[in-house]
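Note sheet for the following structure.
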Amino acid sequence: MTLSWRVRLSNPVETLDDVCNVPVGTGILLLAVDANQVDHNNVLDNDSFGIAVANFCTGNHLPPGCTGGAIDEDPNDDVVSNNKVFGNGGNVDPKVDPVFAVDLAWDTSGTGNCWEHNKHGTEFPSPLPTCH
Ligand SMILES: [Ca+2]
644 MTLSWRVRLS
654 NPVETLDDVC
664 NVPVGTGILL
674 LAVDANQVDH
684 NNVLDNDSFG
694 IAVANFCTGN
704 HLPPGCTGGA
714 IDEDPNDDVV
724 SNNKVFGNGG
734 NVDPKVDPVF
744 AVDLAWDTSG
754 TGNCWEHNKH
764 GTEFPSPLPT
774 CH
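Each residue of the sequence shown is one higher than the one before, starting from 644 at the first, in the working numbering.
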């Protein structure tokens, strides 16, 4: 099944929880998660980025080690494959470093994360690690 993600509205969450920190125009964000597979999605025209893989602290604009070891802050062994990801990052949320205003983004944290067989325009860093 192919899912389509297009987020153009502002974040409607008004309470002061972690969801409030999700940047406007986020497509799919893998924040500190391990062993997730994101595949066969259409991720199009999101203002900030398409699919991002990030460390918990980096993603929340906090210093490294921000949880004091309470959680594994790094994303590990995540696979992003066979997605169509275009037109993202054109109006990036001020909370997001502009280098991540791309279709496929990674803050280079964690181990075992890989990308393959995606159709996309922009990426950071380039090239992203492949799965084989
Ligand atoms: Ca983790």
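All residues carry an ideal CB built from backbone N, CA and C; glycine is no exception.
Measure the Cβ-Cβ separation of residue i and residue j and say whether it is below 8 Å.
i, j, result
"E716", "N698", "yes"
"G669", "S691", "Just to set this straight, residue 669 is Thr in the shown sequence, not Gly. Contact flag set, yes."
"D736", "V667", "yes"
"V739", "V681", "no"
"G693", "H763", "yes"
Taking CB distances under 8 Å as the criterion, tell me whether residue i reaches chain B.
i, result
"S724", "Judged by its chain identifiers, the structure shown contains no chain B, having just a single protein chain."
What is the DSSP secondary structure of residue i, counted as helix, strand or coil?
i, result
"C700", "helix"
"V742", "helix"
"N664", "helix"
"A695", "strand"
"A713", "coil"
Taking 7 Å as the cut-off, is the beta-carbon of residue i closer than that to any non-hydrogen atom of ligand 2?
i, result
"L673", "This structure lacks ligand 2; its bound ligands are ligand 1."
In the DSSP assignment, the beta strand (DSSP E) including residue i goes from what residue to what residue?
i, result
"I671", "669-674"
"D682", "680-682"
"C757", "757-759"
Consider the C-beta atom of residue i and the heavy atoms of ligand 1; say whether any pair is separated by less than 7 Å.
i, result
"D715", "yes"
"P737", "no"
"C697", "Going by the sequence as given, residue 697 is Ala instead of Cys. Checking the Cβ of A697 against ligand 1 gives no."
"N689", "no"
"A665", "According to the sequence shown, residue 665 is Val rather than Ala. Not under cutoff, so the answer is no."
"N719", "yes"
"D750", "no"
Only counting the same chain, and skipping five residues up and downstream in sequence, which positions put a Cβ closer than 6 Å to that of residue i?
i, result
"G753", "D717, P718, N719"
For residue i, I'd like the list of residues in its chain whose CB is within less than 7 Å of its CB, leaving aside the five on either flank, ordered along the chain.
i, result
"N664", "N703"
"P741", "V735"
So, for residue i: in the same chain, excluding its five sequence neighbours on each side, which residues have a beta-carbon less than 8 Å away from its beta-carbon?
i, result
"I714", "A675, F699"
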